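>
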Amino acid sequence: MVDAAITPPSDVDTLAAGGEHCSAHEATGHHGYAGDAQALQNRLRRIEGQVRGIQRLIDEDTYCIDVLTQVSAVKSALDRVAMLLLEDHLSHCVVGAAEAAATSGDATEVNEKVREAAVAIERLVKS
């Protein structure tokens, strides 16, 4: 069994902001969300429409509470997109790293992928 002690994120800024690949990406040629890309794009287009709707409400001097209700709906929709991406990261990148570690005996990538997930969760919780 691989010693996969999880190192907690010590500095959010030290983790890469993007462009990272995982062993699962290398093996499959795509990120975990690739199979869901169209559904994610559809969700994001709906969210984009909701944001344009909020802009219209502001232009039309709509009652504050009605605008806030729509803002809340957009935030919830974005949270759902974030959760789908996080689930894909865990099931694709973290699991792929764990499988690679089981073969190689090196848990470095597992620690990194879990650390990335922890930082992402931290960002989501703060927002």
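Heads up: the sequence shown begins at 43 in our numbering, then just goes up one per residue.
Quick reminder that beta carbons are idealized off the backbone N, C-alpha and C, glycines included.
Everything numeric in this text was worked out from a predicted model, so none of it was measured.
#1: Hey, how far is the Cα of I89 from the Cα of L120?
#2: Could you check how far apart the C-beta atoms of V93 and V116 are, in whole angstroms? I think they sit under 8 Å.
#3: Please classify A142: is it buried, with 16 or more other beta-carbons within 10 angstroms of its beta-carbon, or exposed?
#4: Thinking just about the alpha-carbon of each residue, which of A149, K155, S118, R122 is nearest to the one in H134?
#5: Provide the residue span of the alpha helix (DSSP H) that contains S133, from first to last.
Per the coordinate set shown:
#1: 7 Å
#2: 6 Å
#3: buried
#4: K155
#5: Neither: S133 is in no alpha helix (DSSP H) and is coded neither H nor E.
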